[in-house]
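J.: The structure's right below; bear with me while I get my questions together.
In our numbering, the protein residues as written are -16 to 85.
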């Protein structure tokens, strides 16, 4: 039962943090996910010892934050779409042009 709750929490946390874009946001998200995973692994390996759980959480959080910050995309997000045309007109050369936007 504890494993089910733990992995459900990790999955929910990953879903909430999946939209992070900047390196800082990715580092925080990676630290949270890594800390949860490290705590679970530390608890399993140390048979529920508090010291093992905390050590696993610290190692997982540090490595998750480093990996999260390093994997942030370096390209800017795409520009927003142009505004929709509300009224069309004609220029001096007979080409159709937008003269009013929404």
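Where a beta carbon is used, it is the ideal one built from N, C-alpha and C, also for glycine.
If residue 35 and residue 26 are in contact, beta carbons under 8 angstroms, what's the gap, nearest whole angstrom?
T.: Position 52 of the chain shown, counted from the first residue, corresponds to residue 35. Position 43 of the chain shown, counted from the first residue, corresponds to residue 26. Yes, they are in contact, since the Cβ atoms of residue 35 and residue 26 sit about 7 angstroms apart, within 8 angstroms.
J.: Is the beta carbon of residue 40 less than 9 angstroms from the beta carbon of residue 22?
T.: Position 57 of the chain shown, counted from the first residue, corresponds to residue 40. Position 39 of the chain shown, counted from the first residue, corresponds to residue 22. In contact: residue 40 and residue 22 (Cβ atoms closer than 9 angstroms).
J.: At 4 residues or longer, what runs of the alpha helix (DSSP H) sit wholly inside the stretch -2 to 38?
T.: Segments of the alpha helix (DSSP H) lying fully in the stretch -2 to 38: 6 to 28.
J.: Helix, strand or coil for residue 83 per DSSP?
T.: For this step, residue 83 is matched to residue 100 along the chain shown. Here residue 83 sits in strand by DSSP.
J.: For residue 7, is the classification buried or exposed, using 16 other Cβ atoms within 10 angstroms of its Cβ as the cut-off for buried?
T.: Taking the first residue of the chain shown as position 1, residue 7 is located at position 24. Its Cβ having fewer than 16 others within 10 Å, residue 7 is exposed.
J.: Look at the alpha carbon of residue 5 and the alpha carbon of residue 51, and state the distance between them as a whole number of angstroms.
T.: The residue labelled residue 5 in the question sits at position 22 within the chain shown. The residue labelled residue 51 in the question sits at position 68 within the chain shown. Taking the straight line joining both Cα atoms gives about 10 angstroms.
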